[in-house]
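Novice: First the structure, which I've put down as structure tokens, then a few questions once you've had a look.
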Amino acid sequence: MNSESTPPAGNAPEWSVSDLSGALKRTIEDAFGFVRVRGEISGYRGPVASGHVYFSLKDTNAKIDAVIWKGVFGRLKTRPQEGLEVIATGKITTFAGKSSYQIVIDSLEPAGIGALMALLEERRRKLAAEGLFAEERKRLIPYLPRVIGVVTSPTGAVIRDILHRLEDRFPRHVLVWPVRVQGETSAAEVANAIAGFNALPAGGRIPRPDVVIVARGGGSLEDLMSFNEEIVVRAAAASAIPLVSAVGHETDTTLIDFAADLRAPTPTGAAEKVVPVRAELMGFVADLARRHDGAMRRLSDRRRSDLRALARALPGPEAVLSGPRQRLDLASTRLAPALARNARAHEQALQGLARRLEARSPRIALARLRAQLDGFARVLSAARGNAIASERTRIAHARDRLATLEIRARNAFSQSLIQRRERSTLLADRATRAFGQGLHRRRDRLDSLWALIRSLGPEAVLARGYALIRDEGGALVRSVAQTQAGQGLTVQVSDGRFEAVVSGAGGPAPKPQPRPARREAQRPEPPKSAQGDLF
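Residue numbers (the numbering used here): 24 to 558.
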């Protein structure tokens, strides 16, 4: 190698690492201050704790690091997604901490219609899986709403077309919520407008719409992207007010069309769908009124002719009332004799009852007997003496028989009383004996139980030489560990109590000074009384 081709080492300038990194940074940023890079997003994990986003752009042969600062990320219309092919606009810079270069992205857009359509299709499948596009969630549009809410730009031709068509068909009260229909903030404004209409209270100062129209004129797919955002689709699906989507031309389709309750091909078509034509409606109502009047007239005529036919077929009042009138007259003629017969029958029955009562009366019977006696006296006047004697004799015999029967009855009653008294006495004796035996058995059982109680009670144990020791609080002392020197104790024996003082734990105690013992009242034994004392 020729030594002249290599500059001497001593003549090369010396760079610090920081100076060299700064020079490289300035060179690259000057050369690539504005670039557009197409590639596939790789390694996207979402914003980090600081809010910045880091990922890579790659193609078949190379890869470059990318960063989106927090402020720029919030303004992006297209959000990064893993595997999405995009066109990133920004500048190339270096990062001295890793000796690497990267692109700082200022804007991001899908790389062509194909990528954008793939993004929309993936988003559509995701929202459909959540049930936001289900047909059973959709509500019917009111036939004739009183108030119509419109979410659109207040300066475009769309609102004029809607108002003009409503004026032609059926004028209604219209509330316009002005929003941007294109741009970075348009999606949030549309979602807020839908939520705002739903938040209006019913009967408030501002009337609550019966139907909401979200409208925008035609445009490219990129122009309509605001109506493909999740925030707009979710707001449309969550709307409690029936919502009509009228975005773009008839051939344009956005995701809000799937979430809306009704899709209109154009904003003008939306106005046509939410209200009927007033003239047609009035003509239809007038036609229905005419048809109703004609039907009512025909029905009235038919009912009138049917009534006349029925009236002709019905008999006259005289014919209808003649039979009942005759029956009434016949009944009237029969009523008086029947009442008389009924009265006579009841009178005869009453007389029969009176005769039966008279026949059974003692007074009548006595009078009859007297009449018979008078007859017999008149007929048998000659034999009156014999008849009187015979009657006196019969009466005497009857009196004797009555006296005999009275004596026999009195004797039988006395005998019955004697028998009942003897039986009562016998039963009383048996009851007395049974009661005494039962009482004796219960007294014996009570005595045995009392003897058992006395044998098992604490007095019997104390009588055998044992003692109960209690501390100053009255608790039983069961162990030496419960005592201490100088502690006062109460000792209970069989015939009383006395106080003691502990001289030392576990040792013999000195003999305490005698104190008058407080005797407990001995429990008296139950007296053994004679039978019947329990009562």
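Yeah, the Cβ is synthetic: ideal placement off N, Cα and C, and Gly gets one too.
Looking only at its chain, what residues have a beta carbon closer than 7 Å to the beta carbon of Phe57, apart from the 5 residues adjacent to it on each side?
Specialist: One-based indexing of the sequence shown puts residue 57 at position 34. The answer, listed in chain order, is Lys114.
Novice: Work out the CA separation of Val174 and Ala210 for me, nearest whole Å.
Specialist: Stepping through the sequence shown from its first residue, residue 210 is reached at position 187. Stepping through the sequence shown from its first residue, residue 174 is reached at position 151. Ala210 and Val174: Cα-Cα distance of roughly 12 Å.
Novice: Taking DSSP as the reference, what is the three-state secondary structure of Gly530?
Specialist: For this step, residue 530 is matched to residue 507 along the sequence shown. No answer about Gly530 holds up, because its pLDDT of 48 lies below 50 and its placement is not dependable.
Novice: Starting from the Cα of Leu285, find the closest Cα among Ile418, Gly74, Lys161, Leu80 and give me that residue.
Specialist: What you label residue 285 is simply residue 262 of the sequence shown in a count that begins at 1. Ranking the options by Cα distance to Leu285, first place goes to Lys161.
Novice: Gly154 by DSSP, collapsed to three states: which one?
Specialist: On the sequence shown, position 131 is the one that residue 154 refers to. Of the three classes helix, strand and coil, the one that applies to Gly154 here is coil, per DSSP.
Novice: Give a yes or no on whether the C-beta atoms belonging to Ser65 and Phe55 are separated by under 9 Å.
Specialist: For this step, residue 65 is matched to residue 42 along the sequence shown. For this step, residue 55 is matched to residue 32 along the sequence shown. No, Cβ-Cβ distance for Ser65 and Phe55 is not below 9 Å.
Novice: Any idea if Ser176 is buried or exposed, counting beta-carbon neighbours within 10 angstroms, 16 or more meaning buried?
Specialist: Counted from its first residue, the sequence shown places residue 176 at position 153. By the 10 Å Cβ count, Ser176 comes out buried.
Novice: DSSP three-state call for Thr427: helix, strand or coil?
Specialist: For the purposes of this step, residue 427 is identified with residue 404 of the sequence shown, where counting begins at 1. If DSSP states are grouped into helix, strand and coil, Thr427 belongs with the helices.
Novice: So is Pro232 buried or exposed if we call it buried at 16+ other beta carbons inside 10 Å?
Specialist: Translated into positions along the sequence shown, residue 232 becomes position 209. Its Cβ being crowded by 16 or more others within 10 Å, Pro232 is buried.
Novice: Hey, how far is the Cα of Ala372 from the Cα of Ala421?
Specialist: Numbered from 1 along the sequence shown, position 349 holds the residue referred to as residue 372. Numbered from 1 along the sequence shown, position 398 holds the residue referred to as residue 421. Near 40 Å, if we compare the C-alpha coordinates of Ala421 and Ala372.
Novice: Tell me Gln515's beta-bridge partners as DSSP assigns them.
Specialist: Reading the sequence shown from its first residue, position 492 is the one you call residue 515. DSSP, once it has assigned bridges, lists Leu491, Arg520 as partnering Gln515.
Novice: Exposed or buried, what is Thr178 when buried is set at 16 or more other beta-carbons lying within 10 Å of its beta-carbon?
Specialist: Counted from its first residue, the sequence shown places residue 178 at position 155. Result: exposed.
Novice: Quick check on the burial criterion: 16 or more other C-beta atoms within 10 angstroms. Buried or exposed for Arg444?
Specialist: The sequence position of residue 444 within the sequence shown is 421, counting from 1. Exposed, by the Cβ-count rule.
Novice: Going by DSSP, which residues form a beta bridge with Leu80?
Specialist: As a working note, residue 80 is residue 57 in the sequence shown. In the DSSP output, where bridge partners are listed per residue, Leu80 has Ile64, Ile87.
Novice: Under DSSP, the alpha helix (DSSP H) around Ile16 begins and ends at which residues?
Specialist: It is not possible to answer for residue 16, since the shown part of the chain is limited to 24 through 558.
Novice: Could you tell me the alpha carbon to alpha carbon distance between Ser328 and Ala334, rounded to whole angstroms?
Specialist: In the sequence shown, residue 328 corresponds to position 305, counting from 1. In the sequence shown, residue 334 corresponds to position 311, counting from 1. Their Cα atoms are separated by approximately 10 Å.
Novice: Which value, in whole angstroms, describes the spacing of the CA atoms of Ala564 and Ala180?
Specialist: The shown model of the chain, from 24 to 558, leaves out residue 564, and the question about it has no answer.
Novice: Quick one, which of Ser502, Lys86, Glu132, Gly459 has its alpha-carbon nearest Ser123's?
Specialist: Numbered from its first residue, the sequence shown carries residue 123 at position 100. It is Lys86.
Novice: Look at Leu150 and Leu244 and say whether their C-beta atoms are less than 9 Å apart.
Specialist: For the purposes of this step, residue 150 is taken as residue 127 along the sequence shown, with counting starting at 1. For the purposes of this step, residue 244 is taken as residue 221 along the sequence shown, with counting starting at 1. In this structure, Leu244 does not lie closer than 9 Å to Leu150 by Cβ.
Novice: In three-state terms, what does DSSP make of Lys149?
Specialist: Here residue 149 corresponds to residue number 126 of the sequence shown, with the count starting at 1. Correct three-state label for Lys149: helix.
Novice: Of the choices Arg468, Ala214, Gly154, Asp42, whose alpha-carbon is the least far from that of Phe281?
Specialist: The residue labelled residue 281 in the question sits at position 258 within the sequence shown. Looking at the Cα atoms, Gly154 is the closest of the given residues.
Novice: For a test of the three-state rule: what should DSSP assign to Asp191, helix, strand or coil?
Specialist: By 1-based counting over the sequence shown, the position of residue 191 is 168. Three-state result, Asp191: helix.
Novice: Where do the N-terminal and C-terminal ends of the beta strand (DSSP E) with Ala269 fall, by residue?
Specialist: Position 246 of the sequence shown, counted from the first residue, corresponds to residue 269. That run of the beta strand (DSSP E) goes 266-270.
Novice: Alpha carbon to alpha carbon, how far is Ala532 from Ser471?
Specialist: Numbered from 1 along the sequence shown, position 509 holds the residue referred to as residue 532. Numbered from 1 along the sequence shown, position 448 holds the residue referred to as residue 471. In this predicted model, Ala532 has a pLDDT of only 47, less than 50, meaning its place in the structure is not dependable; the value taken from the coordinates is given anyway. Approximately 42 Å between the Cα atoms of the pair.
Novice: Straight-line CA distance for Ser268 to Val213?
Specialist: Mapped onto the sequence shown, residue 268 falls at position 245. Mapped onto the sequence shown, residue 213 falls at position 190. Going from the Cα of Ser268 to the Cα of Val213 covers about 12 Å.
Novice: For Arg239, write down the residues that DSSP places opposite it in a beta bridge.
Specialist: Walking along the sequence shown from the start, residue 239 turns up at place 216. BP columns for Arg239 point to Val270.
Novice: Compare the beta carbon distance of Ala263 and Asn221 with 9 Å and say whether it is the shorter of the two.
Specialist: Taking the sequence shown and counting its residues from 1, one reaches residue 263 at position 240. Taking the sequence shown and counting its residues from 1, one reaches residue 221 at position 198. Contact: yes.
Novice: Considering Phe118, what are the terminal residues of the alpha helix (DSSP H) in which it resides?
Specialist: Reading the sequence shown from its first residue, position 95 is the one you call residue 118. Taken as a continuous stretch (DSSP letters only), Phe118 belongs to no alpha helix (DSSP H), being part of the beta strand (DSSP E) at 108-118.
Novice: Can you tell me whether DSSP reads Ser39 as helix, strand or coil?
Specialist: Here the question's residue 39 lines up with position 16 in the sequence shown. Correct three-state label for Ser39: coil.
Novice: If you count every other CB in all the chains shown that lies within 10 Å of the CB of Val234, and 16 or more means buried, which is it?
Specialist: Counted from its first residue, the sequence shown places residue 234 at position 211. Result: buried.
Novice: Compare the Cα-Cα distances from Ser44 to each of Tyr166, Ala119, Pro36 and report the closest residue.
Specialist: What you label residue 44 is simply residue 21 of the sequence shown in a count that begins at 1. That would be Ala119, whose Cα lies nearest to the Cα of Ser44.
Novice: Between the Cα of Trp200 and the Cα atoms of Arg348, Ser517, Gly172, which residue gives the shortest distance?
Specialist: Reading the sequence shown from its first residue, position 177 is the one you call residue 200. Nearest of Arg348, Ser517, Gly172 to Trp200, Cα basis: Gly172.
Novice: Just to confirm my understanding: we take Glu63, look at its own chain, exclude 5 residues before and 5 after, and list those with CB closer than 6 Å. What are they?
Specialist: Looking up residue 63 in the sequence shown gives position 40. Around Glu63: Lys81, Glu108.
Novice: Considering only C-alpha positions, which residue in the set Ala261, Ala336, Val524, Leu167 is nearest to Leu304?
Specialist: Working through the sequence shown from its first residue, we reach residue 304 at position 281. Ranking the options by Cα distance to Leu304, first place goes to Leu167.
Novice: Does the Cβ-Cβ distance between Leu562 and Leu131 come in under 9 Å?
Specialist: Since the displayed the chain opens at 24 and closes at 558, residue 562 lies outside it and no answer follows.
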